[in-house]
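The structure under discussion appears below in the form of structure tokens.
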Amino acid sequence: MNGELLISICVAAIASGTSILLPALGEILAERSGVLNLGVEGMMLMGALFGYIADVETGNLGLALAVAILAGALLALIHAFVTITLRANQIVSGLAISLFGGGFTAFIGKPFVGSVAPAQLERIPLPGLAGIPVLGQVLFTQDPIVYGSFVLVPLMAYFIYRTRPGLSLRAVGESPATADAMGLSVISRRYLYTLAGGALAGVGGAYLSLFYTPTWIDGMTAGRGWIAVGLVVFGVWDPWRAMAGAYLFGFVDGFQLRAQALGSGIPQFFLNMLPYIFTIVVVAIASGERVQKRLGVPTALGQPYWREERT
Amino acid sequence: MIVSLERRANLTLTRRIGIQAGSVIAGALFGGLIVWLSGYDPVKAYGEIIGGSFGSGYALGQMLAASIPLATIALGTAVAFRVRVWNIGGEGQFYMGAFGATGIELVGGPAGWPSQVLIPAMVAAGFAAGAAWAALPGALRAYLGVNEIITTLMMNYIAILWVNYLVYGPWKDPQGHNFPFSPRFPDNATLRPLGLGQLHAGIVIPIVAAIVFLLLLSRTQWGYELRILGENPSAAAYAGISIRRNVMLAMLVSGGMAGIAGMVQVSGIVHVLSGQISTNYGYTAIIVAWLGQLHPMAILVVSMLFGALVNGGFAVSQAGIPQALGVLLQGVILLFALGAGDLFSRYRLVLGQAPGKKRAPLLPDDRSALSAQP
Amino acid sequence: MAAASDEGMSPHPATGHLPGTALAMVGIDKHFGEVLANASVDFSARWGEVHALLGENGAGKSTLMSILAGLYRPDNGQLLVDGQPVVLHSPKDAIKHGIGMVYQHYRLVPSQTVTENMLLGLPGAPLRLDTRRAARDIEELSERYQLRVDPYRPVWQLSVGEQQRVEILKALHRGARILILDEPTAVLTPQEADALMRTIRHIASEGRTVIFISHKLEEVRSVADRVTVLRAGRLVGSGLDMAEMSARDLARLMVGTDLPGRIRPRPRASGAPRLTLRRLCALDDRGLQALRSVDLTIHAGEIVGVAGVAGNGQRELAQVLTGMRKPASGQVFLDDIDVTGAGARQMALAGVAHIPEDRLGEGLVGNLPLLDSALMKSYYQPPISSGPFLNLKSAVQFTRGLIARFNVAGATPRTIARLLSGGQLQRFLLAREMSMQPRAIVAVHPTRGLDVAATHTVQEWLMSCSGEGCALLLISEDLDELLQLSDRVAVLYEGSIVAAVDREEADRERIGLMMIGSYQPDQVAV
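Next comes the structure, spelled out in structure tokens:
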């Protein structure tokens with residue numbers, strides 16, 4: 001494999017990785033607050049479709065992204081209501097949300113299938129930085145969403161570990177009864193972070209339909225939402241580790257695409273399996289490390305909280 | 001004035017059924033709203049769905065045929081869910097079951113094995129392939145504590161790609177005009193049609209399975225272990241019930257049932273192996289299992305309703321309404337059943353300030369009775 | 001705001017503000033589902049006093065105080081702080097009014113440090129976590145109240161006593177003028193408890209109100225100025241002057257009758273070694289050493305009590321002996337048979353009964369009918385099993401037998417377990433374990449959370465078991481119970497047995513010192 005090919009795979013890896021990094025970051029927030037959101041796939045599809053529709057109708061990228069955020073957050077609101085307020089099973093609700101999101105977007109998006117997004121995100125080389133050999137090409141010849149994610153990861157890490165709202169977030173997910181007794185509202189925080197998670201999933205979806213693919217096909221996320229959930233496990237609810245995992249995934253994805261394009265002799269179906277196999281391996285390793293005990297993991301994950309229900 | 005929730009002590013069966021039915025109807029109404037807002041005619045849409053599943057003998061047969069794979073997968077899923085093993089890999093296990101059955105068919109079909117031998121062999125192969133596909137995530141969960149939700153899901157994508165590889169490559173029908181299908185199953189490898197739409201003899205499988213599960217759960221030691229483990233893993237450990245063994249078994253049974261469903265589908269309906277033998281049956285079955293509250297008989301009933309929705313998807317698409325309406329409605333109904341249904345089954349809404357009548361403590365040692373909440 | 005209490009004047013809460021009245025609760029009703037926890041309860045306390053809230057387990061004390069702390073909302077009733085009516089929607093409101101509560105189950109985030117826990121939800125702090133400043137505050141406060149803690153250690157590494165100190169500091173740091181302590185001594189060593197009493201007096205001497213929830217008569221008498229007594233959710237004694245109350249008066253108020261007589265120690269009978277532990281080591285859930293080379297022999301007919309501060313290996317010891325945890329090294333013998341590493345079922349079959357710490361969450365299945373709980377140790381054996389099947393008829397018969405044997409009134413095999421009271425549940429569980437005809441019993445906190453009568457029954461039953469030749473290992477946090485029942489008391493400290501002393505030589509003081517590892521035993525009897 002020559003250097004140029006490797007660089008092009010890396011460039012693609014970051015783009016592909018970003019599409020799951022964003023939802024994974026959102027899922028970190030939701031799970032840190034104690035809400036397991038398995039509806040990410042559906043929320044990504046909502047973002048992808050509605051971002052795309054807004055783009056087709058207005059040609060305004062900023063507006064398209066805003067619409068994608070709203071669409072993702074709206075579906076997250078349903079999950080939040082069902083699981084936080086009505087205290088239904090989070091796993092089943094997440095599944096229902098993913099199914100509904102898939103069905104709903106396929107239903108609504110039928111007339112939009114097949115055309116190309118009129119206004120697309122474009123790669124903007126960062127002046128100065130893009131000139132750095134290799135690194136500049138890989139990291140700084142990207143699109144604004146990728147740059148945004150470069151900022152978002154450290155910001156989120158700082159938020160979670162170094163600020164008071166971050167402290168509250170961790171407390172709500174680990175020991176909601178404590179947070180409640182300390183005068184913090186568990187319910188409103190869980191709503192907030194579940195919505196934020198949905199919003200980020202929406203952006204991740206729109207990133208696919210406005211840049212990565214850029215078109216609308218139903219089911220176009222092809223399991224990326226689920227992979228994002230897996231990455232959160234791999235990343236032990238840490239933004240930096242999730243970022244590393246996302247780019248690793250992107251690399252595997254970019255590799256299989258290039259290998260197909262170059263005609264590697266391996267049937268494309270096997271190459272297509274790589275990202276999914278990769279996710280299984282990665283989740284297995286993260287669980288096998290037994291790092292999960294006592295590392296500030298959200299131990300109340302998946303459990304509804306209700307003050308007057310005595311345990 | 002406040003609204004508060006009170007935990008219900010117990011619930012009668014009729015009330016439970018009533019609540020579930022109510023939430024299904026509410027979900028359907030909400031789905032109709034979406035249809036209407038999207039510019040389609042909801043009355044026409046539901047007319048097509050109902051007509052397409054109940055309007056004629058043929059329609060009824062189609063509905064029942066669609067409910068066979070749903071019920072079969074859902075029964076297995078229910079076993080896993082009962083012990084809190086979240087196997088959502090039914091879709092992949094379904095494909096693998098179809099793959100296993102086709103593998104046997106490719107040998108025994110053209111060779112002219114009698115169907116009394118070939119069909120059971122295909123069922124066994126379907127079960128084995130589905131169970132094997134579930135065994136990996138099962139083992140990862142049981143021995144390494146790896147979250148099975150993610151792994152079973154990823155395995156779905158891999159299974160579908162695997163079947164596609166086969167039907168685009170080694171198993172492609174040479175006389176198939178380059179379509180990605182396996183050769184058509186000969187008569188000795190197909191389940192006998194019952195003369196009502198596509199309904200076929202495979203319908204006995206979910207019915208027999210439901211009865212077996214019912215007996216298994218209520219009358220056997222294993223059923224007892226599943227019950228204790230599902231309710232409280234710590235108590236199960238205390239009673240010396242092996243959690244690992246039961247997680248594995250539940251995974252194998254649920255994977256195997258999905259595998260059988262895959263076999264039934266290729267042998268009873270499609271008669272070829274292809275990458276499109278399922279319309280989300282694996283996912284829909286999860287809804288069926290949950291709406292049926294993991295009860296075998298209820299699952300049979302709910303699977304007919306969802307058979308109608310799957311079938312309705314085909315029906316509405318002929319009337320110019322996107323087929324995805326079927327999946328949309330499934331999601332909506334599950335959300336309503338989850339939100340409203342589960343809520344009203346577990347709690348009762350209390351309006352206004354505290355109830356006027358004062359109740360004496362039920363039992364002298366009331367605090368400990370309260371601490372019983374799971 | 002500190003004021004001496006008005007001699008002889010008992011302010012009626014309904015009349016509102018009297019000089020010195022810190023808070024008043026009037027006509028409080030609270031029910032959970034079907035169960036009434038408080039029925040028109042009045043409560044009032046003055047500034048600068050230690051006010052005990054006395055009652056049996058389940059009398060509604062914690063509920064009443066959780067209402068004061070803003071955790072629960074009363075169905076009816078009114079709250080006055082400093083004479084002003086207040087409505088508390090959440091703990092936040094309570095904190096605002098200077099009310100702080102130390103719950104029985106501490107409200108701390110285990111993975112976070114002491115400082116982080118201190119900053120959690122603190123109003124008015126800057127957005128950025130300023131741990132250094134908070135740590136300084138903590139050090140100052142700990143100095144002032146003699147509550148030593150390391151501000152930078154994560155809570156899960158702290159002992160139970162230290163965690164309690166963090167809780168008290170947290171409340172004071174938030175400016176609590178009314179401090180509620182829920183059963184604070186239950187998990188402390190006698191020395192720690194004494195230190196706590198001094199701290200409580202100190203806090204009250206600053207003019208703050210301390211409300212002290214307890215069901216232990218002695219400690220209430222030693223620390224409180226006044227006492228309010230609840231029974232079955234109702235008020236039976238309000239703001240009584242402690243000086244005028246005898247222990248017997250209090251007991252009568254609390255229980256409604258005289259206390260049952262103490263269990264009389266029986267003559268020591270010690271047969272052949274029944275349960276023998278040799279150099280036993282085990283790891284805890286985090287993979288850390290929890291038991292370090294434990295040697296212990298329990299003879300037939302003997303009761304060996306295990307004392308120790310929670311978290312010093314008691315849990316692991318019980319789990320290893322009942323087959324629920326594999327030992328890392330060492331041996332376990334039952335009579336002369338090596339049962340090291342046997343699983344839970346093998347241990348049960350070998351004759352080791354287990355009364356677990358968490359009876360509803362572990363020993364029984366709360367949400368299922370009693371029938372299911374009854375079969376936990378016998379479903380795989382005839383006559384309950386027949387082949388792979390269950391014989392439902394004999395299962396029902398068996399369950400009825402258990403219910404009848406321990407007189408669980410009103411229960412049937414179909415009764416959902418969690419609807420029974422703690423005492424009923426424990427009797428049922430004991431009946432089941434007894435039906436195995438055990439040769440040894442491992443009992444963990446067998447009377448925790450039970451009322452006086454139920455405690456008495458359970459203790460009597462344990463005594464009679466050992467009288468029949470059963471070897472009994474009794475793990476308890478209640479030193480009085482241990483001293484009362486045990487032939488010998490072994491003290492666990494950091495996974496090792498510090499000493500196993502005969503009952504005659506065991507006194508609270510010595511055992512307390514052993515529990516915190518600062519007693520050098522001159523003799524180690526094993």
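Protein chains in written order, with my numbering: chain A, 1 to 311; chain B, 1 to 374; chain C, 1 to 526. Where a beta carbon is used, it is the ideal one built from N, C-alpha and C, also for glycine.
Asked, Found
"Cβ separation of Gly339(B) and Leu86(A), assumed to be a contact under 8 Å, to the nearest whole Å", "5 Å"
"Beta-carbon proximity check, Gly301(C) vs Ser270(C), cutoff 8 Å", "yes"
"Any chain B beta carbon closer than 8 Å to Ala284(A)", "yes"
"Inter-residue Cα distance where the pair is Ser188(A) and Ser33(A)", "10 Å"
"Under the three-state DSSP convention, the category Asp6(C) falls into", "Note that Asp6(C) scores a pLDDT of 39, beneath 50, so its modelled location is shaky and nothing firm can be said."
"Residue ranges of each alpha helix (DSSP H) within the region 285–354 of chain C, 4 or longer", "314–321, 344–350"
"Host alpha helix (DSSP H) of Gly239(C) (start-end)", "Here Gly239(C) belongs to no alpha helix (DSSP H); instead the beta strand (DSSP E) covers 234–241."
"For Ala22(C), the three-state DSSP class (helix, strand or coil)", "strand"
"Partner residues on chain B for Ser287(A), Cβ-Cβ distance less than 7 Å", "Leu144, Gly145, Val146, Asn147"
"Residue of Lys326(C), Arg325(C), Ala431(C) minimising C-alpha distance to Met376(C)", "Ala431(C)"
"Contact with chain C by Ile243(B), beta-carbon distance below 8 Å", "no"
"Backbone CA spacing between Val282(A) and Val232(A) [nearest angstrom]", "11 Å"
"Separation of Ile149(B) from Pro23(A), as counted between CA atoms", "17 Å"
"Selected residue, minimal CA-CA separation from Tyr103(C), among Gln163(C), Gly233(C), Tyr152(C), Ile511(C)", "Gln163(C)"
"Selected residue, minimal CA-CA separation from Ile28(C), among Asp42(C), Thr21(C), Gly20(C)", "Asp42(C)"
"Rounded Cβ spacing between Ala81(C) and Leu23(C) (contact assumed at less than 8 Å)", "The sequence as given places Val at residue 81(C); Ala does not occur at that position. Yes, they are in contact, since the Cβ atoms of Val81(C) and Leu23(C) sit about 5 Å apart, within 8 Å."
"Below-8 Å beta-carbon distance, Pro184(C) vs any chain A residue", "no"
"CB contact below 8 Å: Gly175(A) versus chain C", "Reading the sequence as shown, one finds Ser at residue 175(A) and not Gly. At least one chain C Cβ lies under 8 Å of Ser175(A)."
"Proximal residues to Lys216(C) (C-beta, below 8 Å), its chain only, five neighbours per side dropped", "Thr185"
"Those runs of the alpha helix (DSSP H) which lie wholly inside the region 87–131 of chain C and span at least 4 residues", "91–96, 114–119"
"Buried/exposed call for Gly60(C), threshold 16 Cβ in 10 Å", "buried"
"Val288(B) versus Val82(A) - alpha carbon distance", "19 Å"
"Own chain, CB closer than 6 Å to Gly393(B), minus 5 neighbours either side, in chain order", "Summary: the structure shown does not reach residue 393(B), with chain B confined to residues 1 through 374, and so no result is reported for it."
"Sub-8 Å separation of Val491(C) and Gly308(C) beta-carbons", "yes"
"Beta-carbon gap between Leu513(C) and Leu485(C) smaller than 8 Å", "no"
"Rounded distance between the beta-carbons of Met122(B) and Ser267(B), thought under 8 Å", "6 Å"
"Helix, strand or coil at Tyr305(A) [DSSP, three-state]", "coil"
"Contact set for Leu21(A): own chain, Cβ-Cβ below 7 Å, skip 5 residues either direction", "Ser149, Ala242, Met243, Ala246"
"Contiguous alpha helix (DSSP H) assignments of at least 4 residues, all confined to the region 57–145 of chain A", "61–80, 90–109, 135–139"
"C-beta contact flag for Leu140(B) and Ala284(A) at 8 Å", "yes"
"Minimum length 3: unbroken beta strand (DSSP E) runs contained in the region 143–200 of chain C", "178–182"
"Proximity to Arg279(C) [Cα-Cα], best of Val332(C), Ala318(C), Met324(C)", "Val332(C)"
"Any chain A beta carbon closer than 8 Å to Gln276(B)", "no"
"Helix, strand or coil at Leu283(C) according to DSSP, with G and I counted as helix", "strand"
"Proximity test, Cβ basis, 8 Å: Lys529(C) and chain A", "This structure gives no information on residue 529(C), because the portion of chain C shown stretches from 1 to 526."
"DSSP three-state assignment for Arg170(A), whether helix, strand or coil", "helix"
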